[in-house]
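Notes follow the structure.
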Amino acid sequence: MTKAIFPGSFDPLTNGHLDLIQRASKLFTHLDVVVVTNTQKQPLFTVDEKIELIQKAVQNYTNVQVVAVADELTVDVMHKLQATVLIRGIRNEQDFSYERDIAAMNAHLAPDIETVLLLAKPEYAFISSSMIKEVAFFGGNLTKLVPENVARALCRKMTANDI
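If you count the sequence shown from 1, position 60 lands on 60 in the UniProt record's numbering, and the numbers rise without skipping.
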């Protein structure tokens, strides 16, 4: 059994994320989507909201589970979850450079961990959670950018001025 994790802040989950989850779920016996806290950003959604949104979006993937962790190194989380593969998505050259350096650090910290980089499909390569929030804030069309349940949640957040 090969167990992988796909960590991210998922604030919010995008169709790019969902595509990577779907593709990784076909490659590995089990995939944990791990909601982590990004200390560099102010989140729009709570951890519980993110988990609920992701669970709804991945409900048809029987080998995918959604979990949350706080303030831990990814390699330590992987050891706790007994995962050996770390999934990361890359959209462009900048993502590749960033992810390459993180993969090298993770390999140094935990040589038993392997990082697998999945290339974003062209139709998702321009999508980022930050841009999604900006589009949602100004009432833009979220079709094809996020799952339907996420679009509804974003609209509720924006109209409730919970930002």
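Just so you know, even glycine gets a beta-carbon here, dropped at the ideal spot from N, CA and C. Quantities reported herein were computed from a predicted structural model and do not represent experimental measurements.
Where do the N-terminal and C-terminal ends of the alpha helix (DSSP H) with Lys3 fall, by residue? Run containing Lys3: none in the alpha helix (DSSP H); it sits in the beta strand (DSSP E), Lys3 to Gly8.
Taking all protein chains shown into account, decide if Met78 is buried (16 or more other Cβ within 10 angstroms of its Cβ) or exposed. buried
Going by CA-CA distance only, name the one from Thr143, Val75 and Ile90 that's closest to Ile113. Val75
Paired residues, beta bridge with Leu20 - DSSP: Bridge partners of Leu20: none, in fact.
Hey, Ile90 and Leu119 are a contact pair by Cβ (cut 8 Å); roughly how many whole angstroms apart? 6 Å
Check whether the Cβ atoms of Pro122 and Leu18 sit closer than 7 Å, and answer yes or no. no
Please report the residue range of the beta strand (DSSP E) in which Leu117 lies. Glu114 to Leu119
Spell out the partners DSSP gives Ile102 in its beta bridges. DSSP lists no partner for Ile102.
Can you name the residues that DSSP bridges to Val34? Pro7 and Val67
Can you tell me the Cα-Cα spacing of Asn141 and Leu109, whole angstroms? 42 Å
According to the neighbour-count rule (16 or more other Cβ atoms, all chains shown, within 10 Å of its Cβ), is Ala153 buried or exposed? buried
Using 7 Å as the threshold, is the C-beta distance between Val34 and Val69 below it? yes
Pull up the distance between the alpha-carbon of Asn149 and that of Gln55, whole angstroms please. 10 Å
I need the DSSP call for Val90, collapsed to helix, strand or coil. The sequence shown places Ile at residue 90, not Val. In the structure shown, Ile90 sits in a strand (DSSP, three-state: E or B).
Answer yes if the region 126-143 comes into contact with the region 23-32, meaning at least three C-beta pairs across the two stretches below 8 Å, and no otherwise. no
Residues bridged to Asn85 (per DSSP): Checking the sequence, you will find Val at residue 85 rather than Asn. According to DSSP, Val85 bridges with Ala4 and Glu114.
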